[in-house]
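Peer 1: A single structure is presented below for examination.
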Amino acid sequence: MGYTPYKMDPKYRVSIPTAWRPAAGEVLFLLSSKTHGMPVIKVLSEKAYQERRDIVKNSELTPAKKTAKLGQLSMLCRVASVNDQGKLLVPKDLSEAAGIASESEVVLAGRDLHFEVWSKENHLQVLEIEMPSDEEDDLGIL
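To convert a position in the sequence shown, counted from 1, into our numbering, add 1.
In structure tokens:
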């Protein structure tokens, strides 16, 4: 939950909050994605990755479209892990595609079943888009 500013180190590693770290030996999946038309890196646990696969498998898509969608998910993901110091390596090419440079400020944002790594600039835009006005918060939860 929440979002927290961090800094990407010179080797494209970012510290992950203790509560967000996977169990020892568990892998993460880095999904190159877009939200609101802006590039972002979604960090999925094994469970979250499998849930996305299950959504496709259980959908009413044709078998050919299911195969294509699962292939797309697989192609856009990279396997990663958190090291003993609690840092996640985000490969340079994925970082740069998301507008993140080494030694730049980033934001880690919780998104229920996964978390995201944003450039600081793009995250500020996301906050503007997603922060509802009083009229838009019709459930009164925000």
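Here a beta-carbon is modelled for each residue, glycine too, at the ideal position from N, C-alpha and C. Predicted model only: the values in this text are computed from it and were never measured.
To which residues does DSSP link V41 through a beta bridge?
Peer 2: For the purposes of this step, residue 41 is taken as residue 40 along the sequence shown, with counting starting at 1. In the DSSP output, where bridge partners are listed per residue, V41 has S34.
Peer 1: By Cβ distance, which residues of its chain are closer than 8 Å to N84, with the 5 residues on each side in sequence left out?
Peer 2: For the purposes of this step, residue 84 is taken as the residue at position 83 of the sequence shown. The residues are R14 and L90.
Peer 1: Can you find the residues in the same chain that come closer than 8 Å, C-beta to C-beta, to E104, ignoring five residues on each side of it along the sequence?
Peer 2: By one-based count along the sequence shown, residue 104 stands at place 103. The residues are K8, M9, D10 and P11.
Peer 1: Among E47, S134, I101 and S60, which one has its Cα closest to the Cα of H124?
Peer 2: What you label residue 124 is simply residue 123 of the sequence shown in a count that begins at 1. Cα-wise, what sits closest to H124 is I101.
Peer 1: Tell me which same chain residues have a C-beta within less than 8 Å of the C-beta of V28, skipping the five on either side of it?
Peer 2: By 1-based counting over the sequence shown, the position of residue 28 is 27. Around V28: E47, V80, A81 and S82.
Peer 1: Anyone know if the C-beta pair for V108 and K121 falls short of 8 Å?
Peer 2: The residue given as residue 108 occupies position 107 in the sequence shown. The residue given as residue 121 occupies position 120 in the sequence shown. Contact: yes.
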